[in-house]
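Just below is one structure, and these are the notes that go with it.
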Amino acid sequence: MGKLPAKLESKLAERSANQSLRSLPEEADRVDFSSNDYLGLARERAIGKKTKDLLLLDGEWRRGASGSRLLSGNHALYPKLESFLAKHHNSEAALVFNSGYDANVGFFSSVPQRGDMVLYDELIHASIRDGIKMGNAKSYKFAHNDLEDLRTKVEKSLRALCLPTGRQSRSNDSEIYIVTESVFSMDGDSPDLKPMVQICRDKGCHLIIDEAHATGIYGDGRDLVCKMGLKDEIFARIITFGKAMGGHGAAILGSEDLKTYLINFARSLIYTTALSPHSVAGILASYHFLESNGKDHIIGLLNNIEHFNAQIRELGLEKNFIESNSAIHCLIVPGNQQVKSLAGHLQQAGYNVKPILSPTVKGGEERLRFCLHAFNTREEITSILKEVKNYLN
Ligand SMILES: Cc1ncc(COP(=O)(O)O)c(C=O)c1O
1 MGKLPAKLES KLAERSANQS LRSLPEEADR VDFSSNDYLG LARERAIGKK TKDLLLLDGE
61 WRRGASGSRL LSGNHALYPK LESFLAKHHN SEAALVFNSG YDANVGFFSS VPQRGDMVLY
121 DELIHASIRD GIKMGNAKSY KFAHNDLEDL RTKVEKSLRA LCLPTGRQSR SNDSEIYIVT
181 ESVFSMDGDS PDLKPMVQIC RDKGCHLIID EAHATGIYGD GRDLVCKMGL KDEIFARIIT
241 FGKAMGGHGA AILGSEDLKT YLINFARSLI YTTALSPHSV AGILASYHFL ESNGKDHIIG
301 LLNNIEHFNA QIRELGLEKN FIESNSAIHC LIVPGNQQVK SLAGHLQQAG YNVKPILSPT
361 VKGGEERLRF CLHAFNTREE ITSILKEVKN YLN
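Position 88 of the sequence shown, counting from 1, maps to 88 under the UniProt record's numbering, and the rest follow consecutively.
Quick look at the structure:
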């Protein structure tokens, strides 16, 4: 077997030296405060059974997709799922991708063109950054959830692209795309979407929202944009099925024209084997379950979020946490070594909670990331926070 080149060995040595070497964890039987299975649907047996029924009912039985969606992989369940998603999430059209990573890379590498500009929140997910890097548009970040900074960057971009600064018709065809997340994956907070929509309306920009951590939770099992009634103002939404929906895969919601464009130009859709029919049936089954039995799960999660925040206040821990009303809560513990040791302590006590190290987050902003679920008990929440409090004391 070939030896790893010295340059790569030294990169690994550097990671070891600053306590940030990643490794794959072993599954352990601990109380789950780490997975993205917010509603507990990944472990819902009824969805497994419904998946099997849907597979037997629809189209030719096939274990694998057998090809790209553009060739032999577009199983009869795909159009069913996409029309369901469009209706459920109040969109003109939906296009399913193999994962949220693929959806973002496909969108951002193909939609913004040379001469366009992409403005992204500085904490945006890696998949969006990777997609932007693969494309030809210029890009700038704006400060996290900072509308003033966004306004400034929009004005600068309009000047740089020689576009009128009002909403007058444009003298050239440069476009500005603005992208944010409805619930941030590493902070659990949300942008103020209404004024952001207003900026896009006033300045003629296209808004794209990654709804990965909101899918299936807000707006009665839809997403945050639906809950806020903003769907007509959004150019594209990315929803994912690997988190609250308990499965795998993703979709881009937008117009029929956008869907046609992506089918023609999004390379992460074109040049890959499609999701297996079993996965597609699993997504449909999850949504059917959510529609018929999901209300209790959603209420359970929202109650646990409320209880978590109440306990933080009671224990005087608010200043250690990033403010959040979502399923993701982060306790800032600066330093890779320090955050790893608190995580180790909680793991020993029987809780599965993960440290987020730099460089995944900025140095000094290392954190413990608590993911809350519908199935966590109030006692589990109270006792893990007491354990944290004792440790910090
Ligand atoms: C905000 C955001 N977008 C996209 C993704 C990627 O989704 P997937 O896990 O389906 O590839 C993630 C996953 O962590 C995410 O947090």
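All residues carry an ideal CB built from backbone N, CA and C; glycine is no exception. Remember, predicted model here, so these are calculated numbers, not experimental data.
Excluding five sequence positions before and after residue 113, the CB atoms of its chain that fall closer than 7 Å to its own CB belong to 136, 137, given in chain order. As the crow flies, the alpha-carbon of residue 328 is around 7 Å from that of residue 187.
DSSP places residue 137 outside both helix and strand once states are collapsed to three, so it counts as coil. When the five nearest sequence neighbours on each side are left out, the beta carbons in the same chain lying within less than 8 Å of the beta carbon of residue 255 are those of 92, 93, in order along the chain. Contact annotation: residue 348 and residue 366 have beta-carbon atoms that are not nearer than 9 Å. Residue 39 carries a coil assignment under DSSP once its states are collapsed to helix, strand and coil. The beta-bridge partner set that DSSP reports for residue 240 consists of 250. Between residue 30 and residue 287, the C-beta spacing is not below 9 Å. Contact between residue 274 and residue 40 fails: their C-beta atoms lie close to 27 Å from each other, not under 8 Å.
Within the model, the alpha-carbon separation for residue 121 versus residue 253 is close to 20 Å. Taken atom to atom, the span from the alpha-carbon of residue 312 to that of residue 27 is near 28 Å.
The Cβ atoms of residue 36 and residue 227 do not sit closer than 9 Å to each other.
With a threshold of 16 other beta carbon atoms within 10 Å, residue 87 falls short and is exposed. Put simply, the backbone Cα of residue 391 is about 17 Å away from that of residue 380.
DSSP places residue 355 in the strand class (E or B) of the three-state scheme. For the segment 96–165, the continuous alpha helix (DSSP H) assignments of 4+ residues that do not extend past its boundaries occur at 100–110, 126–134, 147–160, in sequence order. Contact between residue 77 and residue 285 fails: their C-beta atoms lie close to 10 Å from each other, not under 8 Å.
Going by C-alpha positions, residue 184 is about 14 Å away from residue 223. At a cut-off of 8 Å, the beta-carbon of residue 128 counts as near ligand 1: some heavy atom of the ligand is closer than that. At a Cβ-Cβ threshold of 9 Å, residue 109 and residue 237 do not count as neighbours.
Taking 9 Å as the cut-off, the Cβ atoms of residue 199 and residue 147 count as close. Here the alpha carbons of residue 45 and residue 202 stand approximately 48 Å from one another. Cβ contact annotation for residue 342 (same chain, cutoff 7 Å, sequence separation greater than five): 333, 368, 391, in chain order.
Setting aside the 5 residues that flank it on each side, residue 364 is surrounded in the same chain by 334, each with a C-beta closer than 6 Å to its C-beta; the list follows chain order. Apart from the 5 residues on each side of it in sequence, residue 70 sits with its Cβ closer than 7 Å to the Cβ of 270 in its chain, given in chain order. Only residues of its own chain outside the window of five on either side were considered, and among them 174 have a CB closer than 7 Å to the CB of residue 115, listed in chain order. Using a cutoff of 8 Å, the CB of residue 298 does not count as near ligand 1, since none of the ligand's heavy atoms is closer than that.
With respect to residue 111, residue 346 sits apart: the two C-beta atoms are not nearer than 9 Å. Within 8 Å of the C-beta of residue 248 there is at least one heavy atom belonging to ligand 1. Spanning the alpha carbons of residue 139 and residue 206 requires a straight line of approximately 14 Å. By the CB criterion at 9 Å, residue 280 and residue 331 fall outside the cutoff.
One Cα belongs to residue 189, the other to residue 160, and the distance between them is close to 31 Å.
A distance criterion of 8 Å places the beta-carbon of residue 36 in contact range of ligand 1, judged by its closest non-hydrogen atom. Shown here, residue 271 sits in coil according to DSSP, grouped into three states, outside any helix or strand. Beta bridge pairing from DSSP links residue 210 with 181, 238. Boundaries of the beta strand (DSSP E) around residue 328: 328–332.
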